[in-house]
Amino acid sequence: MGSSSRRIRIRDSKEVTAADLAAWAVGVVTVLGGLAAYTQFMIKHYLSELKPNSGSSLKDQVSRLEARVDTIIEMLGK
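Each residue of the sequence shown is one higher than the one before, counting from 162 in our numbering.
Okay, here's the thing in structure tokens:
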């Protein structure tokens with residue numbers, strides 16, 4: 162009790178040092194950074210599907226289907 166430094170104790174009376182806390186902080190930041198990078202990658206991937214790119218994107222496929230449906234409707238209307 163007379164010690165001027167404060168130490169955090171966890172189960173089994175192990176003392177947690179500053180190096181332990183730094184290691185935990187680095188681990189948490191690494192995991193969060195990985196999740197952020199994965200999320201950014203997935204968002205870019207899905208957004209690229211919504212932009213026309215000469216035929217292979219989802220947007221281009223929907224546009225082709227709309228044109229075909231319009232043609233079929235015109236044929237049925239005659």
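Heads up, the beta-carbon is just placed ideally off N, CA and C, and yes, glycines get one too.
### Cα-Cα separation, Lys239 to Thr232
11 Å
### Query
Going by other Cβ atoms of all chains shown within 10 Å of its Cβ, with 16 needed for buried, is Lys212 buried or exposed?
Sixteen is the threshold: since fewer than 16 other Cβ atoms of the shown chains lie within 10 Å of the Cβ of Lys212, the residue is exposed.
### Message
Using 8 Å as the threshold, is the C-beta distance between Glu176 and Arg167 below it?
### Response
no
### Task
Determine the DSSP secondary structure at Lys175, reduced to helix, strand or coil.
In this structure, Lys175 counts as strand in the three-state DSSP scheme.
### Query
Roughly how many angstroms lie between the CA atoms of Ala183 and Gly195, to the nearest whole one?
Ala183 and Gly195: Cα-Cα distance of roughly 18 Å.
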